[in-house]
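With our numbering, you'll find the sequence shown wraps up at 267, consecutive numbering, no jumps.
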Amino acid sequence: MFGMGLSLTKQDFQQLWRAPLPIIVGLFGQLMLLPLLAYFLALVFELPSNLAIGIMILAACPGGTSSNIISQLARANLALSVSLTAISSLICVLTTPLIIQFAVSQFGQQEQQSFSLVSTTIGLIFITLIPVIIGITLRHYFAEKAISSEPFFRHLASAFLVLMILAIVIQEKATLASSFSAVFTSALTLNLVAILLGIGLGLIFRFSARDCVTLGIEVGVQNSAMAILIAITFLQRADYAVAPGVYGVTMYIGAFLLVFLAKKFRSPPIIVRQVP
-8 MFGMGLSLTK QDFQQLWRAP LPIIVGLFGQ LMLLPLLAYF LALVFELPSN
42 LAIGIMILAA CPGGTSSNII SQLARANLAL SVSLTAISSL ICVLTTPLII
92 QFAVSQFGQQ EQQSFSLVST TIGLIFITLI PVIIGITLRH YFAEKAISSE
142 PFFRHLASAF LVLMILAIVI QEKATLASSF SAVFTSALTL NLVAILLGIG
192 LGLIFRFSAR DCVTLGIEVG VQNSAMAILI AITFLQRADY AVAPGVYGVT
242 MYIGAFLLVF LAKKFRSPPI IVRQVP
């Protein structure tokens, strides 16, 4: 989150005022439709409570910096992608605890008493809001140093995600062995349908092809590292982190398929030849 803050400028937030509709639609897809989709899939696949809550925690998290990188690879609207990531990361301080509370009440009745909305909200402020604000502040006052440092923190975040997934696999190998098919299928389905959902929202509002691809990426690629961290630290349930861990791998399947299709069907540039 600190690395994300280093990459942000005030122009990324001003994008909301310059072109508000794509951002509002994207936020609606991320913060409203994605959790509803996750809830529906948890019921359809009849997931055990730990996997159902885990996939809901994932859907409650904002998009991570991975979505910005994928948008860049797809030659999508990078400004829209960064703006959505930044704004959703700030809003999630309020929305994520509420969605998790709903998930625990629906799928984990015995854990409901141990969940604290206040402590989860305060924890999210410390792991999302404060690091992002510090990063933005340093970017504003020390732009050159921040720009040169941002790739390091991005790579560090990727390595951190890989290490957390490996740790979850080792610690929860029994859970994975018994329900890998269900969690893999539900995670992949969530990813693919979420991408289509984002694209569909763009088509409904008649956005450009670049914006449609961007919304597909932003709705379909979530911050699985944050979801794992919430499960392990705030809820103290490593088994809740299994679904986000699997999603942290499967989300790249749909995302890079979208990148491939976006590049394949993009119109070739028109070359104007000068007549000698």
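Idealized CB from N, CA, C, for every residue including glycine.
Our contact map puts residue i next to residue j with C-beta atoms below 8 Å; I'd like the distance itself, whole angstroms only.
| i | j | result |
| --- | --- | --- |
| residue 144 | residue -3 | 6 Å |
| residue 49 | residue 215 | 6 Å |
| residue 208 | residue 58 | 5 Å |
| residue 211 | residue 195 | Not really, about 17 Å apart at Cβ, beyond 8 Å. |
| residue 90 | residue 51 | 4 Å |
Keeping to the same chain, check which residues put their C-beta closer than 6 Å to that of residue i; ignore five residues upstream and five downstream.
| i | result |
| --- | --- |
| residue -8 | 119, 122, 123 |
| residue 193 | 202, 203, 206 |
| residue 156 | 236, 239 |
| residue 134 | none |
| residue 67 | 201, 204, 205 |
| residue 69 | 62, 63 |
| residue 245 | 182, 183, 186, 211 |
| residue 2 | none |
| residue 217 | 52 |
| residue 190 | 203, 207 |
| residue 248 | none |
Buried or exposed: which applies to residue i, given that a residue is buried once 16 or more other Cβ atoms fall within 10 Å of its Cβ?
| i | result |
| --- | --- |
| residue 227 | exposed |
| residue 142 | exposed |
| residue 23 | exposed |
| residue 128 | exposed |
| residue 30 | buried |
| residue 36 | buried |
| residue 148 | buried |
| residue 139 | exposed |
| residue 72 | buried |
| residue 113 | exposed |
| residue 11 | exposed |
| residue 95 | buried |
Check whether the Cβ atoms of residue i and residue j sit closer than 8 Å, and answer yes or no.
| i | j | result |
| --- | --- | --- |
| residue 204 | residue 28 | no |
| residue 45 | residue 231 | yes |
| residue 241 | residue 130 | no |
| residue 77 | residue 174 | no |
| residue 47 | residue 13 | no |
| residue 213 | residue 55 | yes |
| residue 61 | residue 250 | yes |
| residue 17 | residue 188 | no |
| residue 225 | residue 86 | no |
| residue 32 | residue 166 | no |
| residue 115 | residue 88 | yes |
| residue 40 | residue 99 | yes |
| residue 170 | residue 252 | no |
| residue 177 | residue 38 | yes |
Leaving aside the five residues before and after residue i along the sequence, list all residues of the same chain whose C-beta is less than 8 Å from its C-beta, in chain order.
| i | result |
| --- | --- |
| residue 229 | 159, 162, 163, 222, 223 |
| residue 4 | 74, 77, 78 |
| residue 220 | 118, 155 |
| residue 168 | none |
| residue 84 | 112, 115, 116, 119, 120 |
| residue 136 | 129 |
| residue 197 | none |
| residue 82 | 18, 22, 53 |
| residue 265 | Model confidence at residue 265 stands at a pLDDT of 49, short of 50, so the residue's coordinates are unreliable; what they give is reported in the following sentence. Contacts found: none. |
When you measure from the CB of residue i to every non-hydrogen atom of the ligand NAP, does any distance come out below 7 Å?
| i | result |
| --- | --- |
| residue 217 | With respect to the ligand NAP, the structure shown offers nothing to examine, as it has no ligands at all. |
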